[in-house]
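Chemist: Quick one: the structure is below, and I'll ask about it shortly.
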Amino acid sequence: MDIVYGYLNFVQLYVLVTFFLMLALRRGLSNNTELKTIITVSLLSEIGSLILVYHNVSINYAYNTALLLHHTLWLLLIVRQFGYTKQLYLVPVSFFIFGVCNLIFGEGIDNFNCNTFIIGSFMYLIVFIAESFRQLQRENFDFFSAPSYLMLFAPVMFFLGLSFEFSFRNYELGNSLVFGLVRLYTFISYFVNIIYYTFLIIYIVKVNQPKYAR
């Protein structure tokens, strides 16, 4: 149990809570395989990182694999939710191919794949913003109050915040202190992760209400 008590942090506990809530309220997610897989991948990533840290191995092995799956699944989910044509499925496919190439020939598995994270994030944000403006122009305000929009909004701050952090590639900046002994990277990471999983939890609870449950 030393691995749990010595290394487990609040974000990892929050991921665990989200995962168990997903299992408990899985009825409302019966047709959302991508989201269930995303949450499962996130949990497995955190478990893998704990094991690697315990054995003094770089956590990038776990995070790079999870990153590639995580972003690909979100791109698949947003394309499917917005009902785009089959041609737009090239978006997640092209990202996955890029991510694999970057993992093997680019930044490598030993280093965190910042380029993969940033490019995948901005691909998602472009699709999300474009569709939001399209629905706004149509004055389809029900679109913005639907549970599906809440779900798709959940990773927006996560993608923006961490892309901002990773884009600088500045170790000293990430380790600069902002509140007492709290590092800038730690602050941003906790902030965006809490928002991310809080929105997912709200969505999971909401789609299990009688109004939405199937």
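Those letters in the sequence shown? Residues 1 to 214, by our numbering.
Each residue gets a CB set at the ideal place from its N, CA and C atoms; glycine is no exception.
Please read all numbers here as calculations on a predicted model, not as lab measurements.
Find out if the Cβ-Cβ distance for the pair Y203, A146 is shorter than 8 Å.
Modeler: no
Chemist: Between V15 and L43, how many whole angstroms is the CB-CB distance? I'm expecting something under 8 Å.
Modeler: 5 Å
Chemist: How far does the alpha helix (DSSP H) with I119 in it extend, from its first residue to its last?
Modeler: 114 to 137
Chemist: Indicate the three-state DSSP secondary structure (helix, strand or coil) for V57 in the structure shown.
Modeler: coil
Chemist: Would L200 be called buried (16 or more neighbouring beta carbons within 10 Å of its own) or exposed?
Modeler: buried
Chemist: Taking F95 and T72 to be in contact with their CB atoms under 8 Å, please state how far apart those CB atoms are, rounded to whole angstroms.
Modeler: 6 Å
Chemist: Hey, I127 and V91 are a contact pair by Cβ (cut 8 Å); roughly how many whole angstroms apart?
Modeler: According to the sequence provided, residue 127 is Val. The question's Ile does not apply to it. Confirmed, Cβ separation roughly 7 Å.
Chemist: Under 8 Å between C-beta atoms, does S189 make it to chain B?
Modeler: Considering every chain present, this structure includes no chain B. It has just one protein chain.
Chemist: Going straight from the alpha carbon of T186 to that of S163, what length do you get?
Modeler: If you take the alpha carbons of T186 and S163, they lie about 14 Å apart.
Chemist: From what residue to what residue does the alpha helix (DSSP H) around E165 run?
Modeler: 156 to 168
Chemist: Since Y190 and F158 are thought to touch, with beta carbons under 8 Å apart, how far apart are those beta carbons, to the nearest angstrom?
Modeler: That belief does not hold up - the Cβ atoms of Y190 and F158 are roughly 11 Å apart, past 8 Å.
Chemist: Does Y54 pass the burial test, meaning 16 or more other C-beta atoms within 10 Å, or should it be called exposed?
Modeler: exposed
Chemist: Within its chain, find whatever has a CB closer than 7 Å to the CB of M22; leave out the 5 residues flanking it on each side and keep chain order.
Modeler: Only L29, K36, I39, I204 meet the Cβ criterion.
Chemist: Looking at the secondary structure, which residues open and close the alpha helix (DSSP H) in which F96 lies?
Modeler: 90 to 105
Chemist: For S45, which residues from the same chain have a beta carbon less than 7 Å from its beta carbon, with the 5 sequence-adjacent residues on both sides left out?
Modeler: A62, Y63, A66
Chemist: Which stretch, first to last residue, makes up the alpha helix (DSSP H) that contains D142?
Modeler: 142 to 145
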